[in-house]
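Undergrad:
Numbering (my numbering), first residue to last: 928 to 1313.
1. Quick check on residue 1172: does DSSP put it in helix, strand or coil?
2. Where does residue 1309 fall in DSSP's three states?
3. Residues in its own chain within less than 6 Å of residue 1116 by CB, not counting five upstream and five downstream?
4. To the nearest whole angstrom, what separates the beta carbons of residue 1160 and residue 1218, a pair I think is in contact under 8 Å?
5. From residue 1302 to residue 1148, what does the alpha carbon distance come to, in whole angstroms?
6. Taking all protein chains shown into account, decide if residue 1014 is buried (16 or more other Cβ within 10 angstroms of its Cβ) or exposed.
7. Within this structure, are the beta carbons of residue 1027 and residue 965 separated by less than 9 Å?
8. Could you tell me the alpha carbon to alpha carbon distance between residue 1153 and residue 991, rounded to whole angstroms?
9. Would residue 1157 be called buried (16 or more neighbouring beta carbons within 10 Å of its own) or exposed?
10. When the Cα atoms are used, what is the spatial distance from residue 1069 to residue 1146?
11. Specify, as a first and last residue, the run of the alpha helix (DSSP H) that residue 973 falls within.
12. Residue 1078: buried (16+ other C-beta within 10 angstroms of its C-beta) or exposed?
13. Decide if residue 1058 is buried, meaning its Cβ has at least 16 other Cβ atoms within 10 Å, or exposed.
14. Just confirm the distance between the C-beta atoms of residue 1308 and residue 1277, as a whole number of angstroms; I'd bet it's less than 8 Å.
15. How would you label residue 1257, buried or exposed, when you count the other beta carbons within 10 angstroms and need 16 or more for buried?
16. With distances taken Cα to Cα, identify the nearest neighbour of residue 1073 among 1085, 1081 and 974.
17. Which residue or residues does DSSP assign as beta-bridge partners of residue 1248?
18. For residue 1063, collect the residues of the same chain with a Cβ closer than 6 Å to its Cβ; drop the 5 residues on either side in sequence, then sort them by chain order.
19. Along the chain, where does the alpha helix (DSSP H) containing residue 1153 start, and where does it finish?
20. How big is the Cα-Cα spacing for residue 1254 and residue 1208?
21. If you follow the alpha helix (DSSP H) that residue 1229 is in, where does it begin and where does it stop?
22. Where does residue 1057 fall in DSSP's three states?
23. Pick helix, strand or coil for residue 1240, following the three-state DSSP scheme.
24. Tell me, which residues are paired with residue 1302 by DSSP?
25. Counting Cβ pairs closer than 8 Å, one from the region 1041–1048 and one from the region 967–987, do we hit at least three?
26. Under three-state DSSP, which class holds residue 1115?
27. Does the Cβ of residue 1033 have 16 or more other Cβ atoms within 10 Å, making it buried, or fewer, making it exposed?
28. Going by the CB atoms, is the gap between residue 1029 and residue 1023 shorter than 9 Å?
29. As a quick exercise: from 1101, 1129, 1162 and 1138, pick the residue whose alpha carbon is nearest that of residue 1042.
30. Could you tell me the distance, in whole angstroms, from the CA atom of residue 1020 to the CA atom of residue 1105?
31. If I follow the unbroken alpha helix (DSSP H) through residue 1206, where does it start and stop?
32. Quick one: measure Cβ to Cβ for residue 1192 and residue 1098, integer angstroms, because I've assumed they're closer than 8 Å.
33. For residue 1052, does the count of other Cβ atoms within 10 angstroms reach 16, so buried, or fall short, so exposed?
34. Can you give me the Cβ contacts of residue 1002 inside the same chain, cut-off strictly under 7 Å, excluding the 5 residues immediately before and after it?
35. Measuring straight from C-alpha to C-alpha, what distance separates residue 1171 and residue 1227?
36. In three-state terms, what does DSSP make of residue 1104?
Here it is as structure tokens:
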């Protein structure tokens, strides 16, 4: 659009220019000269479906995740399923690209090259183990691998690749650890299985936080020096929650149309997590422990959707689904007969009503790397200095 063409259309031109600037910034962050040197030489990832690059696919997906091995999952990335719960790449993939590292292979891919990192995240994973969840009346799906089991996988990996604890410490000194997002499924299972109240689920948030911190502490003891611990997304904006709790009236929704009580719950989890991270920093002053604000980055995306290239009319609708107000049906998930996929996933935020599209994860990765949604800023700059 020329400047002459902008006359009388300042709003459209501003959006066009901001979109162009955003694209250029992301290109600079994710596409680096081959010679650029990064302080990070490997990524070790833990968590759930937000970060799983293929572990559950190899374990055998069930339940909510039964269809991730079927098209249209992966359609944008490789025209076939990759084990990612999206049409394409995830946040962890964009982190790897920004650090000039290969995409992080899943631990269950025994033929993979793990010299530059390993992904231990498993779709459906929880922070708490099966026994702890049962004590709270929550049933963990059969294939779920809790965070502590992922830590055990990591230890097995170290035992197979390190000659000594000192060798491990050297190996991990320049690695980036991504611990989460995790905990979301602890809450999802509780809310979805028994339609529990927010207050009742709040009661075991401290236990979830303690587990995440215990695993983070153990990673530090093993030699981790650069760690990112993400918070939870605003679940009240998820098509799954909006559909399952559709009886909530307008007074229960914010100006975006999201469910206020569930977003407040996610904020409560995030506040508790940040406080725990602050405490861990005080006793580990030589370790970079970064809080990644997935909640804020997501809301930034929603509030700047048009500028970022998303369709404002479908922000709370799944791209792939079986119809309805939010294009989500828990009994007919994306990939099943009777579901359909939107024409252009890049214009949608939600992929299947639970997970996001590649384009949404891309925008969130940019916000975390460059827009101040990961803190403290000096630690962030140190990681992304290449």
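Every residue gets a Cβ at the ideal spot worked out from N, C-alpha and C, and that includes glycine.
TA: Here's the rundown:
1. In the structure shown, residue 1172 adopts coil according to DSSP, grouped into three states.
2. Helix at residue 1309.
3. Closer than 6 Å at Cβ, skipping near neighbours: 1065.
4. About 14 Å separates the CB atoms of residue 1160 and residue 1218; that is not less than 8 Å, and the two are not in contact.
5. If you take the alpha carbons of residue 1302 and residue 1148, they lie about 22 Å apart.
6. By the Cβ neighbour-count rule, residue 1014 is buried, with 16 or more other Cβ atoms within 10 Å of its own.
7. Contact flag set, yes.
8. Their Cα atoms are separated by approximately 33 Å.
9. The residue is buried, with at least 16 neighbouring Cβ atoms inside 10 Å.
10. About 26 Å.
11. According to the DSSP assignment, residue 973 belongs to no alpha helix (DSSP H) but to the beta strand (DSSP E) extending over 969–973.
12. With 16 or more Cβ atoms within 10 Å of its Cβ, residue 1078 is classed as buried.
13. Result: exposed.
14. A Cβ-Cβ distance of about 31 Å is found for the pair residue 1308 and residue 1277, leaving them out of contact under the 8 Å criterion.
15. Here residue 1257 is exposed, its C-beta having fewer than 16 other C-beta atoms within 10 Å.
16. Considering only 1085, 1081 and 974, the residue with the shortest C-alpha distance to residue 1073 is 974.
17. Paired residues: 1267.
18. Here the set comprises 1131.
19. Per DSSP, residue 1153 belongs to no alpha helix (DSSP H); it is in the beta strand (DSSP E), 1153–1157.
20. Distance from the CA of residue 1254 to the CA of residue 1208, rounded to the nearest whole angstrom, comes to 42 Å.
21. Element bounds for residue 1229: 1221–1230.
22. Helix, per DSSP.
23. Annotated three-state conformation of residue 1240 is helix, per DSSP.
24. Partner(s): 1218.
25. Below 8 Å, enough C-beta pairs join the region 1041–1048 and the region 967–987 to call them touching: three or more.
26. When DSSP states are grouped into helix, strand and coil, residue 1115 belongs to the helix group.
27. Per the 10 Å Cβ criterion, buried.
28. For residue 1023 and residue 1029, yes; Cβs fall inside 9 Å.
29. When 1101, 1129, 1162 and 1138 are compared, the shortest CA-CA separation from residue 1042 is found for 1101.
30. Whole-angstrom Cα-Cα distance: 12 Å.
31. That run of the alpha helix (DSSP H) goes 1187–1209.
32. Contact flag wrong, Cβ pair sits at about 39 Å.
33. When all chains shown are included, residue 1052 counts as buried.
34. Around residue 1002: 1014.
35. Approximately 25 Å, taken between the alpha carbons.
36. Correct three-state label for residue 1104: strand.
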